[in-house]
Amino acid sequence: MAGTRRGLVGTGLAVATGFALLAGGTPAHPAAPEQGAAPAASAAPAVLEPALTGADGLPSTAGLQAALGQLTGDKAMATLNYAIADGTTGKLLLGSGEGSPATPASTTKLATSVAALSLLPPQTRLTTKVVKGAGADEIVLVGGGDPTLTGLNPDQIRIGGAPVDGDSAPASLPALAEQTAAALKASGLTTVHLDVDTSLYTGSPFHPFNDGTNIGPMSALMVDEGRQTATDDTDAPVRVVDPAGQAAARFTDLLGAQGIKVADKPKEAAAPAGAAPLAQVQSPTIGRLVERALTNSDNTLAEAIARQVALAAHQPVSYDGGAAAVTAELTKLGLPMQGVQLNDGSGLNVRNTIPPVFLADLLAMAAAPDHPQLRPVLTGLPIGAFTGTLAKRYLASQGSGDGAGLVRAKTGSLTGVNTLAGTVVDADGRVLVFALMSKGAPDANAARYAMDRIVTRLASCGCR
-9 MAGTRRGLVG TGLAVATGFA LLAGGTPAHP AAPEQGAAPA ASAAPAVLEP
41 ALTGADGLPS TAGLQAALGQ LTGDKAMATL NYAIADGTTG KLLLGSGEGS
91 PATPASTTKL ATSVAALSLL PPQTRLTTKV VKGAGADEIV LVGGGDPTLT
141 GLNPDQIRIG GAPVDGDSAP ASLPALAEQT AAALKASGLT TVHLDVDTSL
191 YTGSPFHPFN DGTNIGPMSA LMVDEGRQTA TDDTDAPVRV VDPAGQAAAR
241 FTDLLGAQGI KVADKPKEAA APAGAAPLAQ VQSPTIGRLV ERALTNSDNT
291 LAEAIARQVA LAAHQPVSYD GGAAAVTAEL TKLGLPMQGV QLNDGSGLNV
341 RNTIPPVFLA DLLAMAAAPD HPQLRPVLTG LPIGAFTGTL AKRYLASQGS
391 GDGAGLVRAK TGSLTGVNTL AGTVVDADGR VLVFALMSKG APDANAARYA
441 MDRIVTRLAS CGCR
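Position 171, counted from 1, in the sequence shown is what my numbering calls 161; the numbers after and before it change by one each time, with no gaps.
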């Protein structure tokens, strides 16, 4: 079915020139499948208007159908709903069940990212700070919601297997300790009592589908995303139960190395109102954080980003508040929300639903000239056979090697669910956006490779 999506005018050039790899690096392997069972999705009518295709150099519906042939019916994908649209005009060119709500898995992160980049100023950074406490020898470590804060030295840091540059380097807890020690020594203090302030977040720290690896407890104060081993740069590392306690213990050790003794065990307490600052460190900009979350399908970071949306929207800074704030912001952007139901920011929640055509909407909007602040959504997409969760896909052995380097897409995986949404340049140099959503496939890899073959075929045709 072909049609025109309402309110979408993109630019193919913006997508095509966004292929330079930014933050996120080149990971060693794709993200681990997220766990959970997906519910059945009910059908809903697509928000479409009839339109001609094949004109003005656009691929035609008939041309796409002929090119894809039986690929969209590959039984490896079980049930497939999909949408293929023109990245320049936003016109829907071909789809099947494109308006039917489906479980998005980690393609939910596209919605979270668009909302965050739309609502938050582009220079937004997450701040972790130390302030004076109520007593003369008390200090408070205040969490600002930055899970990427690291306790590692610069030469130890890896994101997706790659070292970081100046723009993508996370905030440094050792640097915060050094600044704090200098300020304390300047005031004649070498022994202090340490409090920890995690009051920025509300609600339960545990995701409804928490497994302690793909995601652990969320806290406004975390170090190295709550990994049990800071250098464990794997897809699903073991997470600690008390991330704030872990951060406080690491900070205590770092202060000790600077000649500052922390008396007694750190305790949790809110910083006094108007407390004088002693030191602070900041994360990369929100655009860089979005790129990192998308490239590596980082669940913890995606949930932290959703909470920043909640904070800016004056919603509870929790799983529910983040989902509500993201939904509200997407509605304000004029996107058709029929069939969209969000319950988290990462996509781990199996009760999320998004129609394929909505994912295509998000990508087309990210390319639109009147939304330049959304460009990190495109630059953060993994590149086939090269980066992030696509690093080991689009290989010749999988029948999709011709898509290597040409396909950029966000992946999603839950039990029985496989999704893929992104951009591809066709043989005529036209940028297409696509969303493929499969459910019920018994072999996840077979379903993924079948999807990749569809997108690779798009890359090889003009399809007029």
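Every residue, glycine too, gets a C-beta built ideally from N, C-alpha and C. Note that this is a predicted model, so its numbers are computed, not measured.
So PRO195 and MET208 are supposed to be a Cβ contact under 8 Å. How far apart are they, rounded?
Contact holds; Cβ gap of about 5 Å.
Best match in ALA75, LEU244, THR69 and ASN333 for proximity to GLY87 [C-alpha to C-alpha]:
Checking every option, the nearest Cα to that of GLY87 belongs to THR69.
Rank GLU319, ASN289 and ALA303 by C-alpha distance to the C-alpha of GLY337 and give the top, closest one.
Taking only the C-alpha atoms, the option nearest GLY337 is ASN289.
If GLY85 and PRO346 are in contact, beta carbons under 8 Å, what's the gap, nearest whole angstrom?
In this structure GLY85 touches PRO346 by the C-beta definition: roughly 7 Å separates them, less than 8 Å.
Among ASP442, ALA167, THR98 and ARG148, the one whose alpha carbon lies nearest that of SER387
It is ASP442.
Counted within 10 angstroms of its Cβ, other Cβ atoms place THR321 as buried (16 or more) or exposed
When all chains shown are included, THR321 counts as exposed.
Use the C-beta contact count for SER177: other C-beta atoms within 10 angstroms, 16 or more gives buried, fewer gives exposed.
Per the 10 Å Cβ criterion, exposed.
How big is the Cα-Cα spacing for THR369 and GLU281?
Using only the alpha carbons, I get a separation of about 7 Å.
Which same chain residues, not among the five before or five after ALA105, have their C-beta less than 6 Å away from its C-beta?
Within the same chain, ALA105 has close Cβ partners VAL299, VAL316, GLU319 and LEU320.
Stretch-stretch touch, CB-based, cutoff 8 Å, three pairs: the segment 366 to 381 with the segment 392 to 404:
With contact defined as three or more Cβ pairs closer than 8 Å, the segment 366 to 381 and the segment 392 to 404 are in contact.
Taking Cβ positions, are LYS429 and VAL407 nearer each other than 7 Å?
In contact: LYS429 and VAL407 (Cβ atoms closer than 7 Å).
CB contact flag (ALA220, ASN204, <7 Å):
No, they are not a contact pair.
One question on the structure: do SER108 and ARG454 come within less than 7 Å of each other, judged by their Cβ atoms?
Result no, Cβ atoms of SER108 and ARG454 do not sit closer than 7 Å.
Identify, in the order they occur along the chain, each residue of the same chain with its Cβ nearer than 8 Å to the Cβ of GLN270, setting aside the five sequence neighbours on each side.
Closer than 8 Å at the Cβ level, and outside the excluded window around GLN270, lie THR117, THR118, LYS119, VAL120, LEU166 and GLN169.
If contacts are defined as beta-carbon pairs under 8 Å, then ALA173 and LEU268 qualify, I think. What distance do you get, rounded to the angstrom?
By a beta-carbon distance limit of 8 Å, ALA173 contacts LEU268. Their separation comes to about 4 Å.
Nonlocal neighbours in the same chain, by C-beta distance under 7 Å from PRO306, ignoring five residues either side
Hits under 7 Å: THR192, GLY193 and ALA300.
List the whole-angstrom C-beta distance separating ALA66 from ALA425, where the pair is believed to meet the contact cut-off of C-beta under 8 Å.
About 18 Å separates the two Cβ atoms, so there is no contact after all.
Let me make sure I understand the geometry here. Which of ALA303, ASN143, GLN113 and ALA260 has the alpha-carbon closest to that of PRO366?
Comparing Cα positions, the closest option is GLN113.
What residue from ALA124, LEU184 and SER287 has the CA that sits closest to ILE250's CA?
Ranking the options by Cα distance to ILE250, first place goes to LEU184.
State the CB to CB distance for the pair LEU131 and VAL182, rounded to an integer number of angstroms; the pair is presumed to be in contact (CB under 8 Å).
About 11 Å; that fails the 8 Å criterion.
Please report the straight-line C-alpha distance between LEU163 and PRO111, rounded to a whole angstrom.
If you take the alpha carbons of LEU163 and PRO111, they lie about 25 Å apart.
Looking only at C-alpha atoms, which of SER450, THR379, LEU279 and LEU448 sits nearest to LEU96?
Reading off the sequence, residue 96 comes out as Ser, not Leu. The option with the nearest alpha carbon to SER96 is THR379.
Reference THR405, options VAL340, GLN331, ASP254 and PRO144, closest by Cα:
Measuring from the Cα of THR405, the nearest candidate turns out to be VAL340.
Selected residue, minimal CA-CA separation from THR409, among ALA440, ALA171, GLY391 and LYS175
With distances taken between Cα atoms, THR409 lies closest to ALA440.
Which of the three DSSP states, helix, strand or coil, is assigned to GLY412?
Reduced to three states, the DSSP call for GLY412 is strand.
Buried or exposed (CB count within 10 angstroms, at least 16 for buried), LYS122:
LYS122 comes out buried.
So what does DSSP say about ASN71, is it helix, strand or coil?
DSSP places ASN71 in strand when its eight states are reduced to three.
For ALA266 and GLY235, I'd like the C-alpha separation in whole angstroms.
Distance between the alpha carbons of ALA266 and GLY235: 23 Å.
For my contact list, ASP416 and GLY389 are in at a C-beta cut-off of 8 Å; report their separation, rounded to the angstrom.
That pair is no contact at about 18 Å.
Have a look at the DSSP bridge pairing and note the partners of LEU338.
The partner list for LEU338 (beta bridge, DSSP) is empty, contrary to what the question assumes.
Would a C-beta distance cut-off of 7 Å place ALA126 and MET427 closer than the cut-off?
Taking 7 Å as the Cβ cut-off, ALA126 and MET427 do not qualify as a contacting pair.
Could you spell out the range, first to last residue, of the beta strand (DSSP E) harbouring MET327?
Run containing MET327: none; DSSP gives neither H nor E here.
Going by DSSP, what residue range makes up the beta strand (DSSP E) through VAL120?
117 to 122 is the extent of the beta strand (DSSP E) around VAL120.
Using only alpha-carbon positions, find the residue among ALA171, LEU54 and ARG297 that is nearest to GLY134.
With distances taken between Cα atoms, GLY134 lies closest to ARG297.
Should LYS382 be labelled buried (16 or more other beta-carbon atoms within 10 Å of its own) or exposed?
So LYS382 counts as exposed.
Cβ neighbours of ALA253 in the same chain (closer than 6 Å, five flanking residues each side left out)
The beta carbon of ALA253 is closer than 6 Å to those of THR181 and HIS183 in its chain, skipping five residues each way along the sequence.
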